[in-house]
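Reviewing the structure listed below.
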Amino acid sequence: MSTLEQRNAETVRTFIEALWNKGELEVAGPFFAPSIGEAFTDRSYELGDMLAQGEKVTATGIR
8 MSTLEQRNAE TVRTFIEALW NKGELEVAGP FFAPSIGEAF TDRSYELGDM LAQGEKVTAT
68 GIR
């Protein structure tokens with residue numbers, strides 16, 4: 008995996024862990040409305056497989 012791919016994968020991992028698992032909505036920045044947490048009060052996800060290729064990263068998750 009290239010350095011770019013590693014950085015992108017870590018960005019996705021950090022985003023999911025902080026936003027979905029810890030409820031740190033400030034990481035959402037301009038991507039979500041400030042009230043998004045109200046729609047997902049019982050949230051916790053386990054990261055499964057991650058694939059990084061070039062500028063793209065995808066991950067599977069289990070709720």
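Going by the working numbering, the sequence shown opens with residue 8, and the numbers climb by one from there.
Don't be surprised by glycine CBs; every beta carbon is placed ideally from N, CA and C.
Secondary structure at residue i, three-state DSSP: helix, strand or coil?
{"i": "Glu-62", "result": "coil"}
{"i": "Thr-67", "result": "strand"}
{"i": "Glu-12", "result": "helix"}
{"i": "Glu-53", "result": "strand"}
{"i": "Phe-22", "result": "helix"}
{"i": "Gly-30", "result": "coil"}
Within its chain, find whatever has a CB closer than 8 Å to the CB of residue i; leave out the 5 residues flanking it on each side and keep chain order.
{"i": "Gly-30", "result": "Gly-44 and Arg-50"}
{"i": "Pro-41", "result": "Leu-32"}
{"i": "Gln-13", "result": "Ala-59"}
Give the single residue among the options whose Cα lies nearest to the Cα of residue i.
{"i": "Glu-53", "options": "Ala-59, Gly-68 and Gly-61", "result": "Gly-68"}
{"i": "Thr-48", "options": "Glu-33, Leu-11, Leu-26 and Thr-10", "result": "Leu-26"}
{"i": "Thr-65", "options": "Val-34, Glu-17 and Ala-46", "result": "Glu-17"}
Rounded to the nearest angstrom, how far is the Cβ of residue i from that of residue j, given a contact under 8 Å?
{"i": "Glu-62", "j": "Asn-28", "result": "Contact flag wrong, Cβ pair sits at about 25 Å."}
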